[in-house]
Amino acid sequence: MSNKPRHEHWGSQIGVVLAVAGSAVGLGNFLRFPGQVVNYGGGAFMIPYVVSLLIIAIPVSMSEWALGRYAGRHGFHSPLGMYYVASGRKRSWGVFGGLSLSVPFIIDMYYIFVEAWCLYYALKYLGGMLEPIGLGFSLGAGGDGLRLGSGDAYERFFGETIGINANGALFSRSGLTLLTIVLACVALNFLMVYRGVSKGIERFSKLVAPLILLCALFMIIRIMTLGNPTGQPGQSFLDGLGFMWNPTREAYDQSGQVVGRISAWTTLLNPETWLAATSQIFYSVSICICAVCTYASYVRPNEDIALSSLSATATNEFCEVLLGGLIAIPPAIMFLGARAADGFASSFQLGFIVLPNVFELMPMGQLCGFVFFFLLFSASVTSSTSLVLPVVAFFREAFQCSRGLSVLIAACIHLAGALIVIWFTKGLSALDAFDFWFANFAPFFFAIVQTSLAAFAWGTLKMRDEIARGAAIKPPRFLAFVVKYVSLPYLLIIAIFWMTRNLKTRIMSTMEDSVAQLSILFFIAMFVFLFILSTITMKRWREEETRTPDSRSDVEAQ
Amino acid sequence: MTIGGWISMTTSLAIVIGLFGWCMYKLVTTKDANAEEEPADTPKE
Numbered sequence: 010m011s012n013k014p015r016h017e018h019w020g021s022q023i024g025v026v027l028a029v030a031g032s033a034v035g036l037g038n039f040l041r042f043p044g045q046v047v048n049y050g051g052g053a054f055m056i057p058y059v060v061s062l063l064i065i066a067i068p069v070s071m072s073e074w075a076l077g078r079y080a081g082r083h084g085f086h087s088p089l090g091m092y093y094v095a096s097g098r099k100r101s102w103g104v105f106g107g108l109s110l111s112v113p114f115i116i117d118m119y120y121i122f123v124e125a126w127c128l129y130y131a132l133k134y135l136g137g138m139l140e141p142i143g144l145g146f147s148l149g150a151g152g153d154g155l156r157l158g159s160g161d162a163y164e165r166f167f168g169e170t171i172g173i174n175a176n177g178a179l180f181s182r183s184g185l186t187l188l189t190i191v192l193a194c195v196a197l198n199f200l201m202v203y204r205g206v207s208k209g210i211e212r213f214s215k216l217v218a219p220l221i222l223l224c225a226l227f228m229i230i231r232i233m234t235l236g237n238p239t240g241q242p243g244q245s246f247l248d249g250l251g252f253m254w255n256p257t258r259e260a261y262d263q264s265g266q267v268v269g270r271i272s273a274w275t276t277l278l279n280p281e282t283w284l285a286a287t288s289q290i291f292y293s294v295s296i297c298i299c300a301v302c303t304y305a306s307y308v309r310p311n312e313d314i315a316l317s318s319l320s321a322t323a324t325n326e327f328c329e330v331l332l333g334g335l336i337a338i339p340p341a342i343m344f345l346g347a348r349a350a351d352g353f354a355s356s357f358q359l360g361f362i363v364l365p366n367v368f369e370l371m372p373m374g375q376l377c378g379f380v381f382f383f384l385l386f387s388a389s390v391t392s393s394t395s396l397v398l399p400v401v402a403f404f405r406e407a408f409q410c411s412r413g414l415s416v417l418i419a420a421c422i423h424l425a426g427a428l429i430v431i432w433f434t435k436g437l438s439a440l441d442a443f444d445f446w447f448a449n450f451a452p453f454f455f456a457i458v459q460t461s462l463a464a465f466a467w468g469t470l471k472m473r474d475e476i477a478r479g480a481a482i483k484p485p486r487f488l489a490f491v492v493k494y495v496s497l498p499y500l501l502i503i504a505i506f507w508m509t510r511n512l513k514t515r516i517m518s519t520m521e522d523s524v525a526q527l528s529i530l531f532f533i534a535m536f537v538f539l540f541i542l543s544t545i546t547m548k549r550w551r552e553e554e555t556r557t558p559d560s561r562s563d564v565e566a567q
Numbered sequence: 118m119t120i121g122g123w124i125s126m127t128t129s130l131a132i133v134i135g136l137f138g139w140c141m142y143k144l145v146t147t148k149d150a151n152a153e154e155e156p157a158d159t160p161k162e
């Protein structure tokens, strides 16, 4: 075990908080959250959202921090080791830990691709290649070359940029720039992990977090000082806020005309609102995708993880509700009116089609476009880095190799998976399959597994003791009860409801889509690989523990 | 924006800003356990 990174720690508490918050703050905060609020009842959506924050995000996140730090004290930094040691060295639980690594591994394979889009757009705005020509959302028939002038033109530009019309489109001359940016993003992510948690991830997070805040503040000030830029009724800043926050909603037809009203009660009694709110919390706080527990495993033994956990969650919510709530929807309503609402359903549509239209019409729009996409890029880099670290930690433990070699192995496998996403871009079918199974389905599944581990195999009392270790404010006694009897049943109910709503349709569509089938085969291969590697690694650990029972005593004594 | 919109927005913002502010205050005023230990070091390969 001489190769285990036993002495690697975060440099400071604020450093780990920023790193974990940076891991959570991403596209979901700035694009997905506002879209979900608009589509699921505006202000009424916030009630199930806050409930999910209180009974899922905060307790499950704390239990994940506790699990990570507990495993880190015992010399383990990968989810495999965490599940193994927390369950009392049971291989059945360890296998689940090993398989859970598929979540960060596979999400990162397409997330870096999206990250590259953001940088590509930021560079385009910086270079003046998406310069405004003063046409509106649905006016005109487009621009010449890269001088874009309408919603159609931005949609066409986005499609061509990401190669949505044909598989392999990015491997032609026109796609080379984006491909180069993808490779640069991969290199940046793995380089930071190679430099280590303190010298790489923490330093970068400390640099990027204020930058994200500055970019967001710049955008907010610009939006709040626009007044009513079009002079049209119902398109002021307050109207934009109202579109997002009013609990009683107006229902629109396809032409943007009001056809009825939806009350807050109707919204709250709709189970889909609760499902959407819980999914958003999950997506946003990044719980149970191995990132938080891996980061926590590098926390020092007596650090206050109760405060760190709560601070990271609070920072993420601050960015999501305050910054995310103000940046995307209000300007879209101010410049494009209610007809822009069709573009709020999808994060990609909102970010890469609707908002470029807004920037075109906005004074200082080109600068705002650059700042916005740079903000998205910065937020996504800190998120994607957190997805790389668990995989690298796993390979270090499995292969007993140096960090450099582990980074190299992870990067090679990562590129193989990313190739599927980057090649099969037609209709974004591969990305959609990766996203559905590993950003929507798998986190719910592994959240149930991980919370069950904390509740039964590890024990909520041990979990509470771990949270209390070094904590200035002791965690409440009911935390253990909440994790076991509230969070877990709530997760189960939401997961069952989600599966009944989505699985059948998805399986039917997969049967007709060869790219989705190829993606499933890749996932199975990944599971088999992780299963075999986890089993071999745990067998070796058992043999070592039999030979030298006190091999970890030095670590446990910390 | 309706009164309901104002209420839901200000309540939501008050919750997140309050929680964030309290956490930042505690982070700044609570003694960092790291300061008492050795500085962050690189892994011993």
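If you're matching them up, the sequences are chains A and B in order.
Throughout the first sequence, residue numbering follows the numbering used here, covering 10 to 567 in sequence.
Throughout the second sequence, residue numbering follows the numbering used here, covering 118 to 162 in sequence.
Note that CB positions come from ideal geometry on N, CA and C, so glycine has one too.
Going by beta carbon distance, what residues of the same chain come within less than 7 angstroms of G436(A), once the five residues before and after it are set aside?
-> Excluding residues within five positions, the ones whose Cβ falls inside 7 angstroms are I173.
Contact under 8 angstroms by Cβ, T303(A) with L398(A) = Cβ atoms of T303(A) and L398(A): closer than 8 angstroms.
Kindly say whether D441(A), judged by its beta-carbon, lies nearer than 8 angstroms to any beta-carbon of chain B.
-> No, D441(A) does not count as interfacial toward chain B.
Alpha carbon to alpha carbon, how far is L488(A) from W74(A)?
-> Straight-line Cα distance between these residues: approximately 14 angstroms.
Which listed residue (G44(A), Y120(A), L63(A), S109(A)) has its alpha carbon closest to that of T391(A) = Measuring from the Cα of T391(A), the nearest candidate turns out to be Y120(A).
Where I23(A) falls, given that 16 or more other Cβ within 10 Å makes a residue buried | I23(A) is buried by the Cβ-count criterion.
Relative to the C-alpha of L364(A), which residue among I232(A), P57(A), A95(A) is closest?
-> Looking at the Cα atoms, I232(A) is the closest of the given residues.
Closest to T147(B) by CA distance: which of F42(A), L539(A), A481(A) is it?
-> For T147(B), the closest of F42(A), L539(A), A481(A) by C-alpha to C-alpha distance is A481(A).
Could you tell me whether the region 112 to 126 of chain A touches the region 334 to 353 of chain A, using the rule of 3 or more Cβ pairs below 8 angstroms?
-> They do not touch, by the three-pair rule.
Are the CB atoms of A525(A) and A463(A) nearer to each other than 8 angstroms?
-> Between A525(A) and A463(A), the C-beta spacing is not below 8 angstroms.
Beta-carbon separation (whole angstroms), V380(A) vs C194(A), contact threshold 8 angstroms | Not really, about 19 angstroms apart at Cβ, beyond 8 angstroms.
Leaving out five residues before and five after A448(A) in sequence, what residues of the same chain have Cβ atoms less than 8 angstroms from its Cβ?
-> Within the same chain, I116, Y292 come within 8 angstroms of A448(A) by CB-CB distance, once the 5 residues on both sides are set aside.
Could you please give me the residues that DSSP links to A273(A) through a beta bridge?
-> The bridge partners DSSP lists for A273(A) come to none.
Please report the Cβ distance between L384(A) and I221(A), rounded to the nearest whole angstrom; I am assuming they are in contact, meaning their Cβ atoms lie under 8 angstroms.
-> About 6 angstroms; that satisfies the 8 angstroms criterion.
Any idea what DSSP makes of D313(A), helix, strand or coil?
-> Coil, per DSSP.
N-terminal and C-terminal residue of the alpha helix (DSSP H) that N279(A) is part of | Where N279(A) is concerned, there is no enclosing alpha helix (DSSP H), given that its DSSP letter is neither H nor E.
Does the beta-carbon of P484(A) have 16 or more other beta-carbons within 10 angstroms, so that it is buried, or is it exposed?
-> Buried, because 16 or more other Cβ atoms sit within 10 Å of the Cβ of P484(A).
In the DSSP assignment, find the unbroken alpha helix (DSSP H) run with E211(A) in it and report its ends.
-> That residue, E211(A), is in no alpha helix (DSSP H); it is neither H nor E in DSSP.
In terms of residue numbering, what span does the alpha helix (DSSP H) encompassing G106(A) cover?
-> For G106(A), the enclosing alpha helix (DSSP H) stretches over residues 100 to 109.
Run through the region 375 to 456 of chain A for me and flag every whole alpha helix (DSSP H) of 4 or more residues, listed as ranges in chain order.
-> Qualifying alpha helix (DSSP H) stretches, in chain order: 412 to 432, 438 to 444.
Are there 16 or more other CB atoms within 10 angstroms of the CB of T234(A), so buried, or fewer, so exposed?
-> With fewer than 16 other Cβ atoms within 10 Å, it is exposed.
Over the uninterrupted alpha helix (DSSP H) stretch that includes E552(A), give me the two end residues.
-> Looking at the DSSP string, the run of the alpha helix (DSSP H) that includes E552(A) is 523 to 556.
Would you say D153(A) reaches chain B, if we count a Cβ-Cβ gap shorter than 8 angstroms as a contact?
-> At D153(A) the pLDDT is 38, less than 50, meaning the model places this residue with poor confidence; the figure from the coordinates comes in the next sentence. Judged by the 8 angstroms Cβ criterion, D153(A) is not in contact with chain B.
With a CB to CB cut of under 7 angstroms and the five nearest residues on each side skipped, what residues in its chain are close to Y499(A)?
-> These residues qualify, in order along the chain: I64, I65.
Check the Cβ-Cβ distances between F45(A) and every residue of chain B, and say whether any is below 8 angstroms.
-> Residue 45(A) is actually Gln in this sequence, not Phe. No, Q45(A) does not count as interfacial toward chain B.
At a CB-CB cut-off below 9 angstroms, which residues of chain B make contact with F453(A)?
-> What F453(A) touches in chain B: nothing, since even the nearest Cβ is about 24 angstroms away.
Endpoints, the alpha helix (DSSP H) within which P498(A) is located | Element bounds for P498(A): 497 to 520.
Continuous alpha helix (DSSP H) stretch holding N198(A): start and end = Looking at the DSSP string, the run of the alpha helix (DSSP H) that includes N198(A) is 185 to 204.
E329(A): first and last residue of the uninterrupted alpha helix (DSSP H) it sits in = That residue, E329(A), is in no alpha helix (DSSP H); it is neither H nor E in DSSP.
How should V25(A) be labelled, buried or exposed, when 16 other C-beta atoms within 10 angstroms of its C-beta is the threshold for buried?
-> The residue is buried, with at least 16 neighbouring Cβ atoms inside 10 Å.
Cβ of R309(A) within 7 angstroms of any heavy atom in the ligand ZN?
-> With respect to small molecules bound, the structure shown includes none, and the ligand ZN cannot be examined in it.
Quick one: does Y273(A) have its CB under 8 angstroms from some CB of chain B?
-> Per the sequence shown, residue 273(A) should be read as Ala rather than Tyr. Yes, A273(A) counts as interfacial toward chain B.
Close-in-space but distant-in-sequence residues of the same chain around A420(A) (CB under 8 angstroms, 5 per side omitted) | Closer than 8 angstroms at Cβ, skipping near neighbours: V195, F199.
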